[in-house]
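Comments concern the structure below.
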Amino acid sequence: MLWVSTAAFGIAWWLGLYLLARDSRKPVLRRAGSGLLVYAVAVVGGQLLGADDRFDGVRAVLVCLPAIAWSGVFVRLLPEEPARLVDRWWRFGLLPVCALVAIIAAMGIDTAGYALGALAVLALVGSMLAVVRHRSAVLAGTRNRATAGLLVVGALMFGLSASLILIGFEVVSFSAMLSAVAVDLVLLGVGIAVLDAFEEGEALRADMSRSLLVSVGTAVVFGGQAAVAIVLVGERTGLQALLFGTVAAAVALQVLNAPLQSAVDRFAFASEPALREARDELRTAAEALPRKDTHTGLAALDEDEFARLTRRALSHYADLGKLVSSPLIDLPAIDARLRGRDSVGPLDRAAELKTLLTESIAALKPRTGDEFGTSEEWRHYNAVYFYYVVGIRPYSVRTKRTDLDPVSRKALAWFVDQVPERTLHNWQNSAARMIATQLRSGFGSMSK
Numbered sequence: 007m008l009w010v011s012t013a014a015f016g017i018a019w020w021l022g023l024y025l026l027a028r029d030s031r032k033p034v035l036r037r038a039g040s041g042l043l044v045y046a047v048a049v050v051g052g053q054l055l056g057a058d059d060r061f062d063g064v065r066a067v068l069v070c071l072p073a074i075a076w077s078g079v080f081v082r083l084l085p086e087e088p089a090r091l092v093d094r095w096w097r098f099g100l101l102p103v104c105a106l107v108a109i110i111a112a113m114g115i116d117t118a119g120y121a122l123g124a125l126a127v128l129a130l131v132g133s134m135l136a137v138v139r140h141r142s143a144v145l146a147g148t149r150n151r152a153t154a155g156l157l158v159v160g161a162l163m164f165g166l167s168a169s170l171i172l173i174g175f176e177v178v179s180f181s182a183m184l185s186a187v188a189v190d191l192v193l194l195g196v197g198i199a200v201l202d203a204f205e206e207g208e209a210l211r212a213d214m215s216r217s218l219l220v221s222v223g224t225a226v227v228f229g230g231q232a233a234v235a236i237v238l239v240g241e242r243t244g245l246q247a248l249l250f251g252t253v254a255a256a257v258a259l260q261v262l263n264a265p266l267q268s269a270v271d272r273f274a275f276a277s278e279p280a281l282r283e284a285r286d287e288l289r290t291a292a293e294a295l296p297r298k299d300t301h302t303g304l305a306a307l308d309e310d311e312f313a314r315l316t317r318r319a320l321s322h323y324a325d326l327g328k329l330v331s332s333p334l335i336d337l338p339a340i341d342a343r344l345r346g347r348d349s350v351g352p353l354d355r356a357a358e359l360k361t362l363l364t365e366s367i368a369a370l371k372p373r374t375g376d377e378f379g380t381s382e383e384w385r386h387y388n389a390v391y392f393y394y395v396v397g398i399r400p401y402s403v404r405t406k407r408t409d410l411d412p413v414s415r416k417a418l419a420w421f422v423d424q425v426p427e428r429t430l431h432n433w434q435n436s437a438a439r440m441i442a443t444q445l446r447s448g449f450g451s452m453s454k
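In our numbering, the protein residues as written are 7 to 454.
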């Protein structure tokens, strides 16, 4: 059973870290990754703690937490309006209650453990049924219906198996029960990664395969040494802990290589910010390059899909490294701009895409001679220029800019006082469509 638990732990640990590394700021990725990581910890707990009655409360908490985390994932998959309402209830209602009950259950109070299990079952089954009810909206959000269908089926499988475990988790061993949900969680994790890749306009297979292969290789090299020791002297608790620890460290160092290097650079090159920024840009570009979709031709995309990719490129306006993964770097206009250069790399294309976006945004500015206005004709320009080019975030309490010029400060005050966040979002979508139309206009001239 140790080797099965090790494999389940390794794949869950890798996939959880991979989802977080894609973008931990996104609630869906953050919750899905956290659920997988907690599941991985639960596998280790089941293997190391064994049948010791003193840890019954801890085991109950560990088996409930992945279900609670994934109920939050399913909530975020709902259509926008119901998702906003239910997510607020999930964050400010369910999570605090579950946290309180989990603390009491971890102390060994059986009643609290059963209450936490009941909450997890209700949250998981309720959110899962909501996804099934709105499955048409989930299906519409993917590149192909088979992927979304697999996600819905995976949700059903996970909901069923997790509910059975939470309702009667004393029927079989803790490790065996956790292994029963491993396949379901992996399917769901991969499905979430596919949805995120589609939203970002990126490819997934090459990047995920590379990450998995390197993770497996490093885990075998380092964890294999502990495995040999276990084979030679037996399954001692200390050696088992060493096995799980080396596998976890090896996988984490590979998946989190880029952010770890960035953290080291902040100390090593603290006095050389230009060098640090250059290394960050190159590192981000190298990480983003395998995610570039090279199979879908831009000319074959319909207007909605092209506008969606344009909107995503605008959101990465300030990050050349991330623009490298945008399919828009293959625009004919960029080919024309780079023609005649001796060598052209992905960062050169990303820089030209940023220039194209800058010119397209400037074209939205009303020709009144003013630097800023609040009339209707200014709304599209204001929505993209000040948000993406200047970089103000009017609705973020964590963003404080002290370097804004008088015009930008005036725009920031106008957004905060006069423009609801949802309205700004709608203006940005409309502006992205207008910019996409400008970018698509180059297809015809380049084909002549």
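A virtual CB, placed ideally from N, CA and C, is assigned to each residue, including glycine. The structure displayed is predicted, hence computed values, not measured ones.
Contact test: residue i Cβ vs the ligand FMN heavy atom, cutoff 7 angstroms
i	result
residue 132	The ligand FMN is not part of this structure, which contains no ligands at all.
Which listed residue (the options) has its alpha carbon closest to that of residue i
i	options	result
residue 8	29, 77, 243, 133	243
residue 46	96, 272, 254, 95	254
residue 228	236, 296, 252, 221	252
residue 105	94, 90, 126, 92	126
residue 36	42, 96, 43, 26	26
residue 134	240, 81, 102, 94	81
residue 131	90, 78, 88	78
residue 74	101, 310, 291	101
residue 326	344, 357, 345	357
residue 10	119, 304, 188	188
residue 321	234, 271, 434, 139	434
residue 129	115, 307, 97, 116	97
residue 368	139, 440, 116	440
residue 103	90, 408, 88, 119	119
residue 308	415, 443, 271	443
residue 402	427, 410, 414, 382	427
residue 429	447, 413, 414, 382	382
Own chain residues within Cβ distance below 8 angstroms of residue i, not counting five before or after
i	result
residue 192	17, 18, 21
residue 445	312, 316, 334, 337, 339, 362, 366
residue 301	209
residue 150	For residue 150, the predicted structure reports a pLDDT of 49, less than 50, and the residue's modelled location is therefore unreliable. A value from the coordinates is still provided. Once the five neighbours on either side are set aside, residue 150 has no close Cβ partner at all.
residue 295	330, 331, 352
residue 257	16, 19, 20, 23, 221, 224, 225
residue 92	81, 84, 133, 136
residue 33	78, 82, 93
residue 417	378, 388, 392, 396, 398
residue 113	63
residue 42	18, 19, 21, 22, 25, 72, 191, 195
residue 266	259
residue 370	386, 387, 390, 391, 437, 440, 441
Terminal residues of the alpha helix (DSSP H) in which residue i lies
i	result
residue 328	326-329
residue 319	309-321
residue 50	33-55
residue 202	188-206
residue 15	8-29
residue 228	211-239
residue 253	243-261
residue 341	338-344
residue 76	62-82
residue 352	352-369
residue 332	Where residue 332 is concerned, there is no enclosing alpha helix (DSSP H), given that its DSSP letter is neither H nor E.
residue 2	The requested residue 2 does not occur in the structure, where the chain is confined to residues 7 to 454.
Own chain, CB closer than 6 angstroms to residue i, minus 5 neighbours either side, in chain order
i	result
residue 264	289, 293
residue 24	217, 261
residue 431	none
residue 122	70, 107, 108, 111
residue 219	none
residue 394	320, 323
Residues near residue i by beta carbon distance below 7 angstroms, same chain, minus five either side
i	result
residue 3	Within the shown structure, residues of the chain are numbered from 7 to 454, placing residue 3 beyond reach of any answer.
residue 177	Note that residue 177 scores 48 on pLDDT, short of 50, meaning its location in the model is unreliable and no value can be drawn from it.
residue 54	243, 246, 247
residue 436	386
residue 61	55
residue 455	One cannot answer for residue 455 here, as it falls past the ends of the chain, which runs 7 to 454.
residue 319	329, 332, 334, 359, 363
residue 438	313, 316, 317, 320
residue 89	81, 82
Integer Cβ distance of residue i from residue j, believed to fall under 8 angstroms
i	j	result
residue 384	residue 400	Not really, about 15 angstroms apart at Cβ, beyond 8 angstroms.
residue 297	residue 331	4 angstroms
residue 324	residue 397	6 angstroms
residue 12	residue 249	6 angstroms
residue 14	residue 44	Contact flag wrong, Cβ pair sits at about 13 angstroms.
Practice prompt. Determine, using beta-carbon pairs with one atom in the segment 188-204 and one in the segment 280-289, whether at least three such pairs fall under 8 angstroms.
Written response: When Cβ pairs closer than 8 angstroms are counted between the two stretches, the segment 188-204 is seen not to touch the segment 280-289, the count staying below three.
Worksheet item: Taking contact to mean at least 3 C-beta pairs separated by less than 8 angstroms, is the segment 417-427 in contact with the segment 343-360?
Response: Because the criterion of three Cβ pairs below 8 angstroms is not met, the segment 417-427 and the segment 343-360 do not touch.
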